[in-house]
Structure formats: structure tokens, C-alpha cells
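With my numbering as the guide, the letters of the sequence shown map in order to residues 5 to 180. Please read the structure below before turning to the comments.
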Amino acid sequence: MSATNIIPEDWKPAAKMQRIICHWTAGAHKASDFDRGHYHILIEADGKLIRGIPTIDANQAPVGKNYAAHTLNCNTGSIGVSLCCMADAVEAPFNPGKHPMTEKQWDTLAAVVADLCREYKIPVGPKTVLSHAEVQSNLGIQQRGKWDFTRLAFAPSVKGAQACGDNLRAAVAKLL
Ligand SMILES: [Zn+2]
Numbered sequence: 005m006s007a008t009n010i011i012p013e014d015w016k017p018a019a020k021m022q023r024i025i026c027h028w029t030a031g032a033h034k035a036s037d038f039d040r041g042h043y044h045i046l047i048e049a050d051g052k053l054i055r056g057i058p059t060i061d062a063n064q065a066p067v068g069k070n071y072a073a074h075t076l077n078c079n080t081g082s083i084g085v086s087l088c089c090m091a092d093a094v095e096a097p098f099n100p101g102k103h104p105m106t107e108k109q110w111d112t113l114a115a116v117v118a119d120l121c122r123e124y125k126i127p128v129g130p131k132t133v134l135s136h137a138e139v140q141s142n143l144g145i146q147q148r149g150k151w152d153f154t155r156l157a158f159a160p161s162v163k164g165a166q167a168c169g170d171n172l173r174a175a176v177a178k179l180l
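Following this line, the structure appears as C-alpha cells:
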């Protein structure tokens, strides 16, 4: 499978970007306007890509006022990608709710991240390709504890922020 150019060219303006931070919206399977305000690229349950309202270059240093605010104190140089899913999900005991993350979303995420890594020359590593749930541990930037990638609804054996992040990075590396 090739990940080349899954993202439309005009969604990828020239910019100096350091990392890609992946999220889930904690919303429904479709992107809302609220969701679109916080990320650069969203992925719906069927794998459809939705462009966020802020552009990637708005998060280039120094950030202006229309940047995507997706990660507390870590938006500068960070591309934000989010999967539309996990509304009303419960962390423990795990219940993914009525809008669980789909395998199609996860596979599409790997292809999107690989495309971004290639475009912005971002290496795949735990500080450069990571989930929001890994920001505190991998970058040392404290977050407010919004729940993010610690479980994959379609793959119950993958548990914990690092396991999910490692799974993503391995999938991305395979596509590069
Ligand atoms: Zn997040």
C-alpha cells in the first residue's frame, strides 16, 4: 500500500513543522464545525478526509491568531490530525460508546501521517509522531487530562498510550 498523496496538495502549504500530534475528537463519526476549528485534518469513520479550518502553516512559529489549538502549550510547529470518534466513550471499564474508532480510520491515519512526514520532512519517532496521550510523557509538556488514544476499539489487545503510539509509528514507517 502506498501512502503517496492521500492528502490533497493544497491542504499542505509550505511550512516548517516539527511534529504531528494525533487525536480523537471525542465526538461523532462525522466532523462537526467545532471539530474542524481545532485540527488541520480530520478523518471520518469511513476514512473520508475533512480539512480543518486552520491551515497547517498557521501553526508554524511564530503562531498568529488563527492557528489550530489542539494541544495545550504545544501547538507551535505541531500539525494536528484527529479521528472523528469516541463520543461518550468511557476509559475504565473500557466502553467505546456508539461512535467507536474504526480500523479504517486508523489505517487512514497511518497513510495521512506518512504523507505529512514526507511532505514536511518529519522523521518518525516518539517525539515527532505521537498521540496527544503521549505528549506529557514523550515531550514533558503537562496536559489537562482529556482522554485520548489509549485504546483502539477494533483491537482490544492494544492498551495504553505508548502501545497505541508504537502501533501507529510502525504502521507509518511501513508506508515510508
Ligand atoms: Zn487531543
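Just so it is clear, CB atoms sit at the ideal spot from N, CA and C, and this is done for glycine as well.
By the Cβ neighbour-count rule, I45 is buried, with 16 or more other Cβ atoms within 10 Å of its own. For W110, the enclosing alpha helix (DSSP H) stretches over residues 107-124. Judged by DSSP in its simplified three-state form, L87 adopts strand. For the segment 27-109, the continuous beta strand (DSSP E) assignments of 3+ residues that do not extend past its boundaries occur at 45-47, 53-55, 82-87, in sequence order. Taking a cut-off of 8 Å on C-beta distances, the segment 77-85 touches the segment 22-31, as three or more cross pairs fall below it. Under DSSP, V133 forms a beta bridge with I24. Counting only residues whose CB is nearer than 5 Å to a non-hydrogen atom of ligand 1, the list in chain order is H27, H136, D152. By a beta-carbon distance limit of 8 Å, A73 does not contact H27. Their separation comes to about 12 Å. For the set C168, E138, V117, E107, the Cα lying nearest the Cα of I10 is the one of V117. Inclusion of F153 and S135 in the CB contact set at 8 Å is warranted, their separation being smaller than that value. Secondary structure at R148: coil, using DSSP grouped into helix, strand and coil. Within the same chain, A35, R40, L46, E48 come within 7 Å of I54 by CB-CB distance, once the 5 residues on both sides are set aside.
In this model, N63 and L76 are separated by some 13 Å (Cα to Cα).
The DSSP-derived three-state label of K16 is coil. Setting aside the 5 residues that flank it on each side, Q147 is surrounded in the same chain by L76, V139, Q140, each with a C-beta closer than 6 Å to its C-beta; the list follows chain order. Apart from the 5 residues on each side of it in sequence, G68 sits with its Cβ closer than 8 Å to the Cβ of A62 in its chain, given in chain order.
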